Structures are given as structure tokens and as C-alpha cells.
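Colleague:
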Amino acid sequence: MPPRWPRKPDRKDPAYRKLDDRMNFAIHVAIFALCNSGLWFFHNLNMITWEWLPWLTVGWMVVLLGHLIYISAIANYSETPPTST
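Residue numbers (the working numbering): 25 to 109.
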């Protein structure tokens with residue numbers, strides 16, 4: 025069941041931005057798990073030699089790690105976002 029938001033969702037709300045970024049990360053992880061498990065399943069089932077598959081998995085994991093680092097350490101969820109000049 026999706027989380028309920030007590031007020032109208034707005035990207036200017038820092039708590040909503042934080043929740044939205046974390047939900048996007050969870051979707052990213054779910055898509056990674058779905059695609060990679062399917063590819064590895066058929067790789068092992070058919071004994072296919074896909075040399076690119078480990079590189080795809082590791083590359084995607086690096087992207088996921090970067091996404092996690094961004095939402096947990098870099099993203100600014102303060103009340104007033106900085107203005108660009």
C-alpha cells in the first residue's frame with residue numbers, strides 16, 4: 025500500500041522530496057533486480073556465454089551505488105533550496 029501524504033504533494037516540500045527520491049531509488053533497485061535476475065536465469069538455463077552480462081551487472085550496480093550515495097549524502101533537503109546563479 026502506498027504511503028499517504030497528509031497534504032498536497034509539492035516538490036518544494038523537503039520531506040516530500042526526500043520521500044520521492046527514496047521511492048525512486050526503490051523502483052530503480054526493483055528494476056535492476058528484475059532485469060538482472062532474468063538475464064542471469066536465462067544465461068544459466070541455456071548455458072549461453074554472454075561475456076557482456078557481468079559487465080552490465082557491475083556497471084548497473086555502480087550506478088545504483090551512485091544513486092544511493094546521492095540520496096543519502098549529497099542531496100540537499102533543506103527548507104529553501106539554493107538558487108542557481
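Ideal Cβ placement from N, Cα and C applies to all residues, glycine included.
Being a predicted model, the structure only gives us computed values, none of them experimental.
Closer than 8 Å by C-beta to A39: which residues in its own chain qualify, once you throw out the five before and the five after it? Chain order, please.
Modeller: Reading the sequence shown from its first residue, position 15 is the one you call residue 39. The answer, listed in chain order, is Y101.
Colleague: Suppose you measure from the CA of N89 to the CA of E75; what does that come to, to the nearest Å?
Modeller: By 1-based counting over the sequence shown, the position of residue 89 is 65. By 1-based counting over the sequence shown, the position of residue 75 is 51. As written in the sequence, residue 89 is Leu, which differs from the Asn given in the question. Those two C-alpha atoms are separated by around 23 Å.
Colleague: Are R35 and R28 touching if we call contact CB-CB under 7 Å?
Modeller: Here the question's residue 35 lines up with position 11 in the sequence shown. Here the question's residue 28 lines up with position 4 in the sequence shown. No, Cβ-Cβ distance for R35 and R28 is not below 7 Å.
Colleague: Let's see if you can read the secondary structure: which residues bound the alpha helix (DSSP H) around T73?
Modeller: Counted from its first residue, the sequence shown places residue 73 at position 49. Neither: T73 is in no alpha helix (DSSP H) and is coded neither H nor E.
Colleague: In this structure, does DSSP put S102 in helix, strand or coil?
Modeller: The residue you call residue 102 lines up with position 78 of the sequence shown. Correct three-state label for S102: coil.
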